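Note that the protein sequences, when read in sequence, are chains E and A. According to the UniProt record's numbering, the first sequence is numbered sequentially starting from 1. According to the UniProt record's numbering, the second sequence is numbered sequentially starting from 1. Built from N, CA and C at the ideal position, the CB exists for glycine as well. Everything numeric in this text was worked out from a predicted model, so none of it was measured.
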Amino acid sequence: MVKQHGWYPYEFQSGTTVAVAGDDYVVVASDTRLTENYSIQSRTHSNVYKMHNNSLLLSTGFLGDVLTLKKTLDGRIKTYEYTHNKPISTPALAQMISIMMYGRRFFPYYTSTVITGLNTDGKGCVYGFDPVGSMTEQLYACSGSAMPLILPILDANILGKNTSKPGQVKRTKEETVKMIKDIYMAACERSVELGDAVVVHTLTKEKGIETDVHPLRKD
Amino acid sequence: MSGIAFEQPAGGFVFDNCRRNDILLKNNVLPGKIHKTGTTIAAITYKDGVVIAADSRCTAGNIIFDDNVLKIHRLSDNIYALGAGTSADCDFQTRLLESQLELLKLNQDRQVRVATAVRKIQQHLFRYRGYIGAYLIIVGVDVTGSHIATVHPHGSIAFLPFVASGSGGYTSLSVIEDRYKENMTEDEAKQLVRDALYASTTTDLYSGSKINMFVLTKEKLDKFLPYEIVAARTEKQADYTLAKGTTEVISTNVKKIEFDIVNEKVKATGAHEAMELA
């Protein structure tokens, strides 16, 4: 008779993140609700982490692995800076994340990660990863518990997919911020794990990171 | 020629679909998700009667399926039920009980008592060994006074001065336990129940939207639908109205439907006379 083991190393703490790359900016957003099974553990926990090289790391899934990944990455970024005498660029950091995550192929970081920033030309860039480090450069990314609700809206609004006018719709960073807030408000209506507030960060070369916190439903 | 036009079902579960369901599962056709109410329901007695309240969210897994569900079911004029657990079970069982109580009331020519309703549903649920997932709170005011009873799927009941149930039941109960006292006034009772429901709609993921409240006494029934909207739909910052033609029309097919005039009827309405006078 096989004995069922009762201990499982992972937990899923929800959280949804969105990142959109622009010509000279990146807008990222995260909800601030941290859940555990049926209840709320925190209403003010953002899934966006500022890295030392001025990139923004978005990470959802198992909070233990999220924080460990961030801590390890911070160390590696500092090491890069000391050995190469310059801060690591976002595309290089993305490559580093990919290799680090595949290093734990057989006991993965249970996180959906996205790294965003401005590349060496000043353009916004967004790189998405799966839990074992498969990297894709994307125009926009959405990950987390409400991803199935939000991704189709981003597809239609940013790339005009599934409409009669396919093709990218260019937006200013203010318009993108408005759109992301509205998308979170809509997704809140249908997802139990989404709510409390959405934190929207805009990253530009001139102004650095600007933050905006928009309240959402608390129920 | 006589015969039984309608055969009464034998009662109990019908297993005719089991073979079909097995075949569907084998072919990877997923069964539909059972809708659970994932609820908060609460009821307390006060000086003149009972105050009952429920949230209005119905979830299927982690998705909010319906934001505006009424979880308060009428069993008779003086008896109401709150349902948590499987949506369909609560709806159907209370409807069944409602019709049984109506017949009983007509037969016995007296107002139905809460204890009767509770006993009937308890005995019914017990026969189904807990497979009917209805966690009910039965409340009412009858000749013997005001009563609240909680009923569990296996058929166990408890008559209590206050009770809360559902996924947010514990949260509500802690608020009520903190402030409940005997013989409260109606305003105190309504405020307590509202606070209890507010706590669980904001804490429990599977409860939310609106708080619906009923106040039931010997003389009256006050319905507050809703008593409070915990979280309203938020206003959008931009306009997302899709332009006409966003969904591509791939082909158009116009078909003339042939019809014959079978019957023609002309009916005079009052309007004719009025027109003639003018």
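- At a cut-off of 7 angstroms between beta carbons, A:Val-193 makes no contact with chain E.
- Interface annotation for the region 195 to 210 of chain A against chain E: Thr-201, Thr-202, Thr-203, Asp-204, Leu-205, Tyr-206, Ser-207, Gly-208 and Ser-209, criterion Cβ-Cβ distance under 8 angstroms.
- Of the other Cβ atoms in all chains shown, 16 or more fall within 10 Å of the Cβ of E:Thr-111; this residue is therefore buried.
- A direct Cα-Cα distance of roughly 12 angstroms separates E:Asn-119 from E:Leu-56.
- Membership of A:Ile-52 in the beta strand (DSSP E) is indicated by the continuous run 49 to 54.
- As computed with DSSP, A:Arg-74 is found in a beta bridge with A:Tyr-80.
- Counting only Cβ-Cβ distances below 9 angstroms, E:Met-185 has contacts in chain A at Arg-233, Thr-234, Glu-235, Lys-236 and Gln-237, in chain order.
- The Cβ of A:Ser-167 sits closer than 7 angstroms to at least one Cβ of chain E.
- Closer than 7 angstroms to the CB of A:Asn-68 there is not a single CB belonging to chain E.
- Membership of E:His-214 in the beta strand (DSSP E) is indicated by the continuous run 208 to 215.
- Between the C-alpha atoms of A:Gly-85 and E:Ser-42 there is a straight-line separation of about 26 angstroms.
- Runs of the alpha helix (DSSP H) lying entirely within the region 48 to 116 of chain E, each at least 4 residues long, are 63 to 84 and 90 to 103 in chain order.
- Excluding residues up to 5 positions away in sequence, Ile-41, Ala-84, Tyr-135, Ile-137 and Thr-150 lie with their Cβ nearer than 7 angstroms to the Cβ of A:Ser-165 in the same chain.
- Chain E has no Cβ within less than 7 angstroms of the Cβ of A:Thr-241.
- When DSSP states are grouped into helix, strand and coil, A:Lys-26 belongs to the helix group.
- The region 171 to 228 of chain A is shown to contain whole alpha helix (DSSP H) runs of 4 or more residues at 186 to 203, in chain order.
- For E:Ala-29, DSSP records a beta bridge to E:Val-18 and E:Val-200.
- With respect to the 7 angstroms criterion, A:Ser-200 and A:Thr-45 are not classified as neighbours on the basis of their beta carbons.
- Distances from the alpha-carbon of E:Asp-31 to those of E:Ala-146, E:Asn-37, E:Thr-172 and E:Arg-76 put E:Ala-146 closest.
- The Cβ of E:Lys-178 sits closer than 7 angstroms to at least one Cβ of chain A.
- Two segments are said to touch when three or more pairs of C-beta atoms, one from each, lie closer than 8 angstroms; by this definition the region 17 to 37 of chain E touches the region 137 to 144 of chain E.
- DSSP, read as helix, strand or coil, puts A:Ala-149 in strand.
- The region 35 to 51 of chain E and the region 190 to 205 of chain E touch, with no fewer than 3 CB-CB distances between them shorter than 8 angstroms.
- Among the residues facing chain E, A:Thr-59 is included, as its CB has a counterpart in that chain under 7 angstroms away.
- Where E:Tyr-127 is concerned, the enclosing beta strand (DSSP E) starts and stops at 124 to 129.
- Nearest in C-alpha terms to A:Ser-167, of all of A:Leu-25, A:Cys-18 and A:Ser-56, is A:Ser-56.
- E:Leu-58 and E:Thr-83 have their C-alpha atoms roughly 26 angstroms apart.
- Taking C-beta separations shorter than 6 angstroms and ignoring five residues to either side along the sequence, the partners of A:Tyr-206 in its chain run Gly-38, Thr-59 and Ser-167, following chain order.
- Collapsing the DSSP output to three states places A:Val-139 in a strand.
- Residues Ala-53, Phe-224 and Tyr-227 of the same chain have their beta carbon placed closer than 6 angstroms to that of A:Met-213, with the five preceding and five following residues left out of the count.
- Distances from the CA of A:Ile-229 to each of A:Thr-241, A:Lys-265, A:Ala-189 and A:Asp-195 were compared; the closest alpha carbon is that of A:Asp-195.
- Fewer than three Cβ pairs drawn from the region 170 to 190 of chain A and the region 201 to 215 of chain E lie within less than 8 angstroms of each other, which leaves the two stretches out of contact.
- Distance from E:Lys-70 to E:Tyr-49 at the Cβ level is roughly 5 angstroms; contact confirmed, criterion being Cβ atoms closer than 8 angstroms.
- Residues of chain E whose Cβ lies closer than 9 angstroms to the Cβ of A:Asn-62 are, in chain order, Ser-14, Ser-145, Ala-146, Ser-191, Val-192 and Glu-193.
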